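Taken in sequence, the protein lines are chains A and B.
Quick note on numbering: the numbering used here labels position 59 of the first sequence as 59, and the sequence is numbered without any gaps.
Here the numbering used here runs 215 ahead of the position in the second sequence, where the first position is 1.
Don't be surprised by glycine CBs; every beta carbon is placed ideally from N, CA and C.
Since this is a predicted model, take the numbers as computed values, not measurements.
Read through the structure below, which is laid out as structure tokens, and then see the notes.
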Amino acid sequence: MSELRNDVVINRALLTNPALDSSAIAVRGTLFHVFREAGDHDVTILRGDRVTGRLTVVVRPEGAASQVNLDLARLEAGTDRAASHTIREGGVMGFAVGLGIGRYAVVISHTAGGGSRTVLDSRGQLPVGDLFAVTLIAPGTYRATNLANQTQLQVVVRTPRRGEPYSPARPTLVRAGDDGFDPATAHILAGQSIVLLAETPARFLVEPAPPPGTP
Amino acid sequence: MDARWDKLDVTLGVTLHEMSFGGGVVDLPVGGSVSLPGVTVFSGDPLVGVTVDVAPFVKHELSLVASPLIQHFEPGTTPIGPHCQQLHTALGIDDTRRQWRVFCDPQTIDFDLFDFADTVGDLFEQALTEAVDRLLPHGLLHDLILAAIGSVADRPRTLLDIPDDISEWLSDLFNVSLGVFNLILQFVADFFGKCVSFFQLDDPYPMFPKTEDLAAVTVPIQHLTATVNDVELVVTADIGA
């Protein structure tokens, strides 16, 4: 006899395969921003035109965490109430969505001397050094496009063979520069992630490739 | 003494932690690294419970160290607790006569796991595997998760953190539980041992019953003792005044 003791639901977002866009952060797509300047930063989380969260990030030269990951869905639901984070200069903040169908944007402004300067507006282009990670589950061929310069990357996702060593936690880094992606083609196993590094201003769109012969 | 169970349901609860896709750490060309959060499969940590009746596969050994305890029972004088009195009434024990009573006074009781069939481990592995299998949605996710966590057969061991032998692990679990059981058993045996005698002798002892012509002949019993050797319990007493 067996039974399931507590109520859990499956992450339904894993059962669909929509395009993943760095300008609309959703489940399976994570944006990483690198904080290069010390000082205070105002971070605004948007879902459509609605502000779902505000927080402050204090960047210090030393003595702070090198990375903080935020779940934007939990932030919106109020279960992640930390309003302030401290990060080391050159450190990274990851913006992910754990559950749900929400699509979010992040705006980060550096505040100093009474002024404010936007260093990231994910609805547009990512600055150099930022990253966009996508986790691809359905096998097949995908197309990653840097909409800023229209360069493309082919990503081939296949199911692990029986007995083949397999770990989903093995991401593959791809550099996105002025001349395109490096490497030009990436091969991963289903459930693993591709991490796109912006070496030039970029907006990334990752989508299933249309079947051959499709205009 | 070998002891067996009519029914012995054992339930194991297993929490499935951190089932996710993606994640991991990627090194950056400029130095440093980034840790990916991963995408969780479930909204929480599912808890799977499996129950297996292990009675046919478990054998216990009951060891008892005890000594005879002699009591000269005087009706109305020798104290009987209220619970013991209820038990005497239920068992039909006559507390109206003077008697010598011999009780079993337990010093230690040990209820040990004697044998645990290896097949029990297989039963639990099978039950847990089926439970995990049913929990995961079938299709691509099912296959990928199982590929990520190893073979189905190894999954229960991973979940339970069982190093080698599941039956050995269960044996240890049983022995810890039986430590508590032994304590309970000791209390119960103490109560019964001092309440219900296993041998009793009327005092005075009726040698000849009353007849139409003669009165009954009784003799007093004095200095009753009881000893135990390798094969028998020996009760001795002085008969007559």
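A270 (chain B) versus B:Q314, B:I308, B:R313 and B:K222, residue with shortest Cα-Cα distance: By one-based count along the second sequence, residue 270 (chain B) stands at place 55. Out of B:Q314, B:I308, B:R313 and B:K222, the CA that lies nearest to the CA of A270 (chain B) is found in B:K222.
Please state the DSSP three-state secondary structure of K409 (chain B). By 1-based counting over the second sequence, the position of residue 409 (chain B) is 194. Helix, per DSSP.
State the start and end residues of the unbroken alpha helix (DSSP H) segment that holds P297 (chain B). One-based indexing of the second sequence puts residue 297 (chain B) at position 82. Counting along the chain, the alpha helix (DSSP H) containing P297 (chain B) begins and ends at P297 to L306.
Do D417 (chain B) and R312 (chain B) have their C-beta atoms within less than 8 Å of each other? To locate residue 417 (chain B), count along the second sequence from 1; it is residue 202. To locate residue 312 (chain B), count along the second sequence from 1; it is residue 97. The Cβ-Cβ distance between D417 (chain B) and R312 (chain B) falls below 8 Å.
Chain A beta carbons: is any one of them nearer than 8 Å to that of P271 (chain B)? In the second sequence, counting from the first residue as 1, residue 271 (chain B) sits at position 56. No, because no Cβ of chain A sits closer than 8 Å to the Cβ of P271 (chain B).
Find the nearest neighbour of G124 (chain A) within the set A:G115, A:V57 and A:L147, judged by alpha-carbon distance. The residue labelled residue 124 (chain A) in the question sits at position 124 within the first sequence. For G124 (chain A), the nearest C-alpha among the options comes from A:L147.
Flag L99 (chain A) as yes if its beta-carbon sits less than 8 Å from any beta-carbon of chain B, otherwise no. Here residue 99 (chain A) refers to the residue found at position 99 when the first sequence is read from its first residue. L99 (chain A) counts as touching chain B.
Just mark Q192 (chain A) as buried or exposed, buried being the case when its beta carbon has 16 or more other beta carbons within 10 Å. The residue labelled residue 192 (chain A) in the question sits at position 192 within the first sequence. A residue is called buried when at least 16 other Cβ atoms come within 10 angstroms of its Cβ; Q192 (chain A) meets this threshold and is buried.
In or out: H275 (chain B) buried (at least 16 other Cβ within 10 Å) or exposed? Position 60 of the second sequence, counted from the first residue, corresponds to residue 275 (chain B). Here H275 (chain B) is buried: its Cβ has 16 or more other Cβ atoms, across all protein chains shown, within 10 Å.
In chain order, what residues of the region 38-65 of chain A put their CB closer than 8 Å to some CB of chain B? Cβ contacts with chain B: none found.
For A96 (chain A), which of A:H33, A:V206, A:A184 and A:A186 has the nearest alpha-carbon? As a first step, residue 96 (chain A) is located in the first sequence; it is residue number 96 there, counting from the start. Checking every option, the nearest Cα to that of A96 (chain A) belongs to A:H33.
Under 8 Å by beta carbon: chain B residues contacting V9 (chain A): Position 9 of the first sequence holds residue 9 (chain A). In chain order: F257 and S258.
For T151 (chain A), tell me which candidate among A:G177, A:Q67 and A:D71 has the shortest Cα-Cα distance. Numbered from 1 along the first sequence, position 151 holds the residue referred to as residue 151 (chain A). When only C-alpha atoms are compared, the closest one is A:G177.
What residues in the region 284-312 of chain B have a beta carbon less than 8 Å from any beta carbon of chain A? For the region 284-312 of chain B, no residue has a beta-carbon sitting nearer than 8 Å to a beta-carbon of chain A.
Looking only at its chain, what residues have a beta carbon closer than 7 Å to the beta carbon of A112 (chain A), apart from the 5 residues adjacent to it on each side? Position 112 of the first sequence, counted from the first residue, corresponds to residue 112 (chain A). Within its own chain, the residues whose Cβ lies closer than 7 Å to the Cβ of A112 (chain A), once the five positions on either side in sequence are excluded, are G39, listed in chain order.
Residue range of the unbroken beta strand (DSSP E) whose run includes R103 (chain A): What you label residue 103 (chain A) is simply residue 103 of the first sequence in a count that begins at 1. For R103 (chain A), no beta strand (DSSP E) run applies, since DSSP gives it neither H nor E.
Endpoints, alpha helix (DSSP H) assigned at L72 (chain A): Taking the first sequence and counting its residues from 1, one reaches residue 72 (chain A) at position 72. Where L72 (chain A) is concerned, the enclosing alpha helix (DSSP H) stretches over L72 to A77.
Using a Cβ-Cβ cut-off of 6 Å (strictly less than) and excluding sequence neighbours within five positions of R54 (chain A), which residues of its own chain qualify? Residue mapping note: residue 54 (chain A) aligns to position 54 of the first sequence, counting from 1. Cβ-Cβ distances below 6 Å link R54 (chain A) to T44 in the same chain, with the five nearest sequence neighbours on each side left out; the list follows chain order.
For F132 (chain A) and L31 (chain A), which I take to be in contact (beta-carbon distance under 8 Å), what is that distance rounded to the nearest angstrom? If you number the first sequence from 1, residue 132 (chain A) lands on position 132. If you number the first sequence from 1, residue 31 (chain A) lands on position 31. Between L31 (chain A) and F132 (chain A) the Cβ distance is about 6 Å, and since that is below 8 Å, they are a contact.
List the residues of chain B that L173 (chain A) touches, going by C-beta distances under 7 Å, in chain order. On the first sequence, position 173 is the one that residue 173 (chain A) refers to. Among the residues of chain B, those whose CB is under 7 Å from the CB of L173 (chain A) are V241, following chain order.
With a cut-off of 8 Å, do at least 3 Cβ pairs link the region 135-142 of chain A to the region 57-72 of chain A? For the pair of segments examined, the region 135-142 of chain A was found not to touch the region 57-72 of chain A: the number of CB pairs separated by less than 8 Å stays below three.
Here's the rule I'm using: 16 or more other beta-carbon atoms within 10 Å means buried, otherwise exposed. How should T255 (chain B) be labelled? Indexing the second sequence from 1 puts residue 255 (chain B) at position 40. Under the 10 Å beta carbon count, T255 (chain B) is surrounded by 16 or more other beta carbons and is classified as buried.
Report the three-state DSSP secondary structure of H187 (chain A) (helix, strand or coil). What you label residue 187 (chain A) is simply residue 187 of the first sequence in a count that begins at 1. Taken through DSSP and simplified to helix, strand or coil, H187 (chain A) comes out as strand.
Cβ neighbours of V432 (chain B) in the same chain (closer than 8 Å, five flanking residues each side left out): In the second sequence, residue 432 (chain B) corresponds to position 217, counting from 1. If we look at V432 (chain B) and ignore the five residues flanking it on each side, its Cβ neighbours are P421, M422 and F423.
Give the residues of chain B in contact with I137 (chain A), contact being defined as C-beta atoms less than 8 Å apart. Residue mapping note: residue 137 (chain A) aligns to position 137 of the first sequence, counting from 1. Contact note: I137 (chain A) reaches chain B through F236, L355, L356 and L359, using a C-beta cutoff of 8 Å and chain order.
Short CB-CB distance (under 8 Å) between V335 (chain B) and chain A: Position 120 of the second sequence, counted from the start, is the residue given in the question as residue 335 (chain B). No, because no Cβ of chain A sits closer than 8 Å to the Cβ of V335 (chain B).
Please list, in chain order, the chain A residues whose beta carbon lies closer than 9 Å to that of L251 (chain B). Mapped onto the second sequence, residue 251 (chain B) falls at position 36. Proximity of chain A to L251 (chain B) at the Cβ level (cut-off 9 Å) is accounted for by T30, F32, N69, G94, A96, A133, T135, A169, P171, S193 and V195, in chain order.
Pick out whichever of B:C410, B:S282 and B:E345 has its Cα sitting closest to the Cα of D445 (chain B). For the purposes of this step, residue 445 (chain B) is taken as residue 230 along the second sequence, with counting starting at 1. The residue with the shortest Cα to Cα distance from D445 (chain B) is B:S282.
I want to check one thing, is the minimum distance from the CB of I87 (chain A) to the heavy atoms of the ligand GDP below 7 Å? The ligand GDP is not among the ligands present in this structure, which contains no ligands whatsoever.
For Q415 (chain B), which residues from the same chain have a beta carbon less than 6 Å from its beta carbon, with the 5 sequence-adjacent residues on both sides left out? The residue labelled residue 415 (chain B) in the question sits at position 200 within the second sequence. So the list reads Q314 and R316, once near-sequence residues are dropped.
Could you tell me if S366 (chain B) is buried or exposed, where buried requires 16 or more neighbouring beta carbons within 10 angstroms of its beta carbon? Residue numbering aside, residue 366 (chain B) sits at position 151 when the second sequence is read from its first letter. Only weak support exists for where S366 (chain B) lies, its pLDDT of 48 falling under 50; the coordinates are left without a value.
The beta strand (DSSP E) that contains E207 (chain A), what's its start and end? The sequence position of residue 207 (chain A) within the first sequence is 207, counting from 1. Looking at the DSSP string, the run of the beta strand (DSSP E) that includes E207 (chain A) is F204 to P208.
Please report the straight-line C-alpha distance between Q301 (chain B) and F402 (chain B), rounded to a whole angstrom. Here residue 301 (chain B) refers to the residue found at position 86 when the second sequence is read from its first residue. Here residue 402 (chain B) refers to the residue found at position 187 when the second sequence is read from its first residue. Whole-angstrom Cα-Cα distance: 18 Å.
Where do the N-terminal and C-terminal ends of the beta strand (DSSP E) with I454 (chain B) fall, by residue? For the purposes of this step, residue 454 (chain B) is taken as the residue at position 239 of the second sequence. Residue range L448 to I454 is occupied by the beta strand (DSSP E) that includes I454 (chain B).
Tell me which residue opens and which closes the beta strand (DSSP E) that N146 (chain A) is part of. Taking the first residue of the first sequence as position 1, residue 146 (chain A) is located at position 146. Bounds of the beta strand (DSSP E) holding N146 (chain A) are G140 to N146.
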